[in-house]
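Shown next, in structure tokens, is the structure this report addresses.
Residue numbers (this note's numbering): 169 to 274.
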């Protein structure tokens, strides 16, 4: 069983009670759903983006005890720290792209 989606700092999360993990998720748009369906037809049912039956893509997961998910203060503190890590990782990847890849594209 999974929780309802929970939005914090512009990111969507939900809790998977079966695996005791928080899922960082994204709603698949029409284009992604179309590409996913075409890919599955061409590649024996294998998934391209991992779109679930509910239309969400799981981008990343981390473990969290169910009691901490149910406690809003603990959940928000945990998710805020994770959001900071995700944002730092994104900034680092963007800087690496500009430094190492962009010069070859110009």
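No residue lacks a Cβ here, since even glycine has one placed at the ideal position from N, Cα and C. Remember, it's a predicted structure, so these values are computed and weren't measured experimentally.
### Query
In chain order, what residues of the same chain lie with their CB nearer than 7 Å to the CB of residue 243, ignoring the 5 residues before and after it?
On the chain shown, residue 243 is found 75 positions in, with the first residue counted as 1. Hits under 7 Å: 236 and 237.
### Query
Near residue 194, which residues of its chain fall below 8 Å by C-beta distance, leaving aside the five closest residues on each side in sequence?
Locating residue 194 in the chain shown gives position 26, counting from the first residue. So the list reads 180, 224, 225 and 227, once near-sequence residues are dropped.
### Query
What residues in its chain sit with their C-beta under 7 Å from that of residue 274, if we drop five residues either side in the sequence?
As a first step, residue 274 is located in the chain shown; it is residue number 106 there, counting from the start. Within the same chain, residue 274 has no close Cβ partners at all.
### Message
Which runs of the alpha helix (DSSP H) at least 4 residues long sit entirely within the region 184 to 222? Give them in chain order.
### Response
Whole alpha helix (DSSP H) segments, 4+ residues: 198 to 210.
### Task
Could you please give me the residues that DSSP links to residue 224 through a beta bridge?
Taking the first residue of the chain shown as position 1, residue 224 is located at position 56. 195.
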